[in-house]
Structure formats: C-alpha cells, structure tokens
Amino acid sequence: KTRVAILISGRGSNMVSLIEAARAPDFPAEIVLVLSNRPEAAGLARAAEAGIATQAIDHRAYPDRDGFDAALDAELRAAKVDLVCLAGFMRIFTPGFVEGWAGRMLNIHPSLLPLFKGTHTHARALEAGVRLHGCTVHYVVPELDAGPIVAQAAVPVRAGDDPDSLADRVIVQEHRLYPAALALVAGGKVRLEGDRVIFDAEAAQADGAL
Ligand code: GAR
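The numbering of the sequence shown is the UniProt record's numbering, which starts it at 6 and goes up by one.
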C-alpha cells in the first residue's frame, strides 16, 4: 500500500475523512503519520485517538522556511512516506521542498481552482457573485494553489448564503472528494505526466462518479 502522511495546521476534518476511508481493506493507501506545524492543532489529538502516529514540528522553532522544510522533509523520509496529503496545512513551502515531492504531494483547496487561490475563498466567491463554488484536489507545485487538478466538486451558491453557510456546504464535498482522489492517485489510476493529470482507462470510465 502507498504510505501516506497527512499534514495539518488545524481541526483536521479532512484528515479524519482520509483516515476513515483508509480503514477499508481495499483502500490503496495507509495513513502512517499525521504531522502538524502547530503543536496545538486539534487534529493531532483526533489522529492519535484514531491510532495514527502523530508529530508536531513547530515552525516557530525555526529561523527560516528552509530550516522548517528540511526538518519536515527529514521526518517524512524517516517514516518512509510515499505520498503527502495537505489537509488544511496553512504554510507555504520553499520551492526546493516542493520539488523534492513533485508528483507525490496533494492538496485540497476550498474553491474551484483556478478561481480564488489563497485564503478567505468563501467570502471572495460570494463577493464575486459566482453561482457555483466548490473544492479542488490538486498536485502541489511551487506556485500557490496552481498545480495540476485531480478532482473537483461543485457546490451551488444559494441566495442568502454567508461565508459560513457556504463553507458548511463545501466541506461536505471536501470530505467526499479527498478520499476519492487519494484512492485514484495511490491506486495508480491517475498519474502526472509533465503538468497534465493522466487518467487510466478504468479511472476515466469511473470519473463521472467522483
Ligand atoms: C478546508 O476547508 C481546506 O480545504 C482548507 O482549510 C480547511 C481545513 O479544514 N484548506 C486551505 O485553505 C488550504 N489553503 P480541516 O482542518 O477541517 O480539514
């Protein structure tokens, strides 16, 4: 099975959805480590409760991004991690770290990329007046929220939505989409060729169901 580390900074609800999906015997990935840059992240306790190894690497203990990224890289390699899933991980990496994990690092972002990169995506979607919003799972590249897209789910914007009500509708889709996308990648059904995501024949057929 593909050995996966999940990186979090906060409550870890996407992390929980990945851990739960990976409990299925036929799931192609196992979660071997949950790592947070914030020792106080609520998700660490939830991971420990689920019996997953956890680790905190406090970014405030490092003088610069290079130092933090080197420590993170060393831990991931020590744990023999094949694939990294960012799940509410709110730190920007150095290009060198990202290049070291090229094609082996996924992120979930709460918008239909390439719209609304960065933070406060739900407020900005409402501000822009879009009627469809959603979430995206993509490979991580050095440029923020810009990597090749594996999967997306759309969510209608309703009259009267505020950022919280919209976020509540999007997160339901995040919890469904991320495990499905991880299964595709870990199972070798999609792969990266240059900057394109290639689906194998079986995944292409199942794609409509994502
Ligand atoms: C999720 O909505 C995730 O898409 C978003 O943070 C939230 C984390 O929630 N990620 C980003 O904004 C990445 N830039 P969670 O900790 O409950 O999974």
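Quick reminder that beta carbons are idealized off the backbone N, C-alpha and C, glycines included.
DSSP three-state call for residue i: helix, strand or coil?
i	result
residue 163	coil
residue 43	coil
residue 110	strand
residue 29	coil
residue 80	helix
residue 204	strand
residue 148	coil
residue 99	coil
residue 216	In the structure as shown, the chain starts at 6 and stops at 215, and residue 216 therefore has no counterpart that could be examined.
For a test of your reading of the model: does the CB of residue i fall under 8 Å from any non-hydrogen atom of the ligand GAR? Yes or no.
i	result
residue 175	yes
residue 102	no
residue 13	yes
residue 76	no
residue 113	yes
residue 98	no
residue 10	no
residue 197	no
Residues in the same chain with beta-carbon distance under 6 Å from residue i, minus the five sequence neighbours each way, listed in chain order, please.
i	result
residue 216	The requested residue 216 does not occur in the structure, where the chain is confined to residues 6 to 215.
residue 161	none
residue 178	140, 158, 160
So, at 8 Å on beta carbons, what are the nonlocal neighbours of residue i in its own chain, with the 5 sequence-adjacent residues on each side left out?
i	result
residue 202	144, 153, 154, 155, 195, 196
residue 45	none
residue 137	117, 159, 160, 161, 162
Return the chain-ordered list of same chain residues with a C-beta closer than 7 Å to the C-beta of residue i, the five sequence neighbours on each side being excluded.
i	result
residue 129	121
Stretch pair the stretch 161 to 175 + the stretch 183 to 194: three plus CB contacts closer than 8 Å: As far as the Cβ criterion goes, the stretch 161 to 175 does not touch the stretch 183 to 194, which means the pair count is below three.
Three or more C-beta pairs below 8 Å linking the stretch 82 to 91 and the stretch 121 to 136: The stretch 82 to 91 is not in contact with the stretch 121 to 136.
At least 3 beta-carbon pairs within less than 8 Å: the stretch 109 to 127 vs the stretch 66 to 77: Judged by Cβ distances under 8 Å, the stretch 109 to 127 makes no contact with the stretch 66 to 77, as fewer than three pairs qualify.
Inter-stretch contact (C-beta, 8 Å, three-pair minimum) for the stretch 30 to 39 and the stretch 51 to 65: Under the Cβ criterion (8 Å, minimum of three pairs), the stretch 30 to 39 counts as touching the stretch 51 to 65.
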